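Novice: To get my numbering, take the position in the sequence shown, counting from 1, and add 100.
No residue lacks a Cβ here, since even glycine has one placed at the ideal position from N, Cα and C.
Being a predicted model, the structure only gives us computed values, none of them experimental.
The structure follows.
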Amino acid sequence: LSTEASPADGSKSESSDEAEVEVFARPAREAEPQAPEEEESAPQRRACQAWADPDDDGRGKKEKKEKKDKKEKKEKKKDKKEKKAKKVKKDDDISDAESKDGSGSDGGNQVAYGDGDVKIVIDDIADLVKAKGKGLTVDGLFEEVRAQQVRLEFDDRLRLFIVIASLFPEGAMDAAGILLRKSYIKYFVSNGKLSFTDMMWCIEAYLDTYPKALKGYPMTLKALYDQDMAEEKELLAYYNGDQDSPGFEEAKKSCAPFIKWLEQEDESGSDDSDEDSD
101 LSTEASPADG SKSESSDEAE VEVFARPARE AEPQAPEEEE SAPQRRACQA
151 WADPDDDGRG KKEKKEKKDK KEKKEKKKDK KEKKAKKVKK DDDISDAESK
201 DGSGSDGGNQ VAYGDGDVKI VIDDIADLVK AKGKGLTVDG LFEEVRAQQV
251 RLEFDDRLRL FIVIASLFPE GAMDAAGILL RKSYIKYFVS NGKLSFTDMM
301 WCIEAYLDTY PKALKGYPMT LKALYDQDMA EEKELLAYYN GDQDSPGFEE
351 AKKSCAPFIK WLEQEDESGS DDSDEDSD
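Right, dumping it as structure tokens:
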């Protein structure tokens with residue numbers, strides 16, 4: 101009996117040994133799972149797509165550029181609207197100030213021609229004109245002069261005189277200067293709704309303030325005539341009459357040769373028209 105049992109025990113012993121080996125071996129096998137297949141990263145996929153179809157990548161870049169351009173245009177349009185709104189608000193503020201302090205052409209306690217404040221304003225604006233040089237704009241000049249006008253309450257006619265005196269400091273006005281600065285003068289005449297007589301008052305007040313400009317006045321007046329800022333009939337009627345502007349008499353004497361020339365031109369024009377009618 102003992103001999104028969106021995107092989108069974110031996111077999112049992114071998115089985116348990118194998119089981120023990122399997123118990124220890126199984127976790128080892130489980131600890132070594134198969135490595136998953138590597139997935140393509142997003143950059144790799146894009147690279148592959150680009151290589152596969154370069155036109156798709158080009159279209160994507162084009163779309164991005166179009167979106168960027170559209171955004172920039174939108175922002176510029178917005179900035180432009182904001183600037184325009186600010187300008188309108190500023191003009192409204194000035195109008196409100198005028199209504200409160202009566203700084204229009206019909207105001208009460210206005211600064212007048214010959215006052216010391218006028219000379220100070222002329223010097224300040226003349227400094228601005230010099231500093232800006234060719235960069236001076238009509239709008240920029242208007243804003244500066246308008247601010248002074250609201251502060252000191254002078255009318256639009258005196259404003260034009262200040263502008264002329266600032267553009268041509270110390271009697272520097274001449275024919276060449278008129279050609280160079282005509283846009284500024286025209287703007288202030290138009291903006292202030294000034295008449296021809298008002299404009300001539302400003303020019304003669306300038307000549308009264310700076311007598312040295314009288315010498316070149318005939319050619320200055322001709323420049324105004326050539327630039328359609330003074331019509332022949334207006335000039336003849338004006339200088340054949342009496343005016344109350346400062347410096348009128350001296351200006352009339354100075355420009356007499358030009359007025360005589362205009363009269364001759366007027367007469368020859370009338371003769372030509374008479375011959376044509378015959």
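(1) Can you give me the C-alpha to C-alpha distance between Val250 and Glu244, rounded to a whole angstrom?
(2) For Val229, is the beta carbon positioned less than 7 Å from some heavy atom of the ligand GDP?
(3) Tell me which same chain residues have a C-beta within less than 6 Å of the C-beta of Gln327, skipping the five on either side of it?
(4) Between the region 230-242 and the region 284-302, do three or more beta carbon pairs fall short of 8 Å?
(5) Alpha helix (DSSP H) containing Cys302: first to last residue?
(6) With H, G and I counted as helix, E and B as strand and the rest as coil, what does DSSP make of Leu364?
(7) Rounded to whole angstroms, what's the CA-CA distance from Glu349 to Trp361? Just pull it up for me.
(8) Helix, strand or coil for Ala313? Go by DSSP, reduced to three states.
(9) Using 8 Å as the threshold, is the C-beta distance between Ala275 and Thr320 below it?
(10) Cα separation between Leu307 and Glu172?
(11) Are the beta-carbon atoms belonging to Phe358 and Pro311 less than 8 Å from one another?
(12) Comparing alpha-carbon positions, which option in Gln210, Phe268, Phe254, Asp179 lies nearest Asp223?
(13) Label Leu260 either buried or exposed according to how many other C-beta atoms from any shown protein chain fall within 10 Å of its C-beta, with 16 as the threshold for buried.
(14) Nearest to Met329 by CA position, among Ser295, Gln343, Asp342, is which residue?
(15) Should Ile220 be labelled buried (16 or more other beta-carbon atoms within 10 Å of its own) or exposed?
(16) Closest to Lys322 by C-alpha separation, out of Ala226, Ile264, Gly277, would be which residue?
(17) With Leu82 and Ser266 assumed to form a contact (beta carbons below 8 Å), what rounded beta-carbon distance in angstroms separates them?
Specialist: Considering the structure as presented:
(1) 10 Å
(2) In terms of ligand content, the structure shown is empty, and the ligand GDP therefore cannot be addressed.
(3) Once the five neighbours on either side are set aside, the close Cβ partners of Gln327 are Lys282.
(4) As far as the Cβ criterion goes, the region 230-242 touches the region 284-302, which means the pair count is three or higher.
(5) 296-309
(6) The residue asked about is misnamed: residue 364 is Gln in this sequence, not Leu. Helix at Gln364.
(7) 19 Å
(8) Ala313: helix per DSSP, three-state reduction.
(9) yes
(10) 53 Å
(11) no
(12) Phe268
(13) buried
(14) Ser295
(15) exposed
(16) Gly277
(17) Because the chain in this structure spans residues 101 to 378, residue 82 falls outside the shown range and cannot be described.
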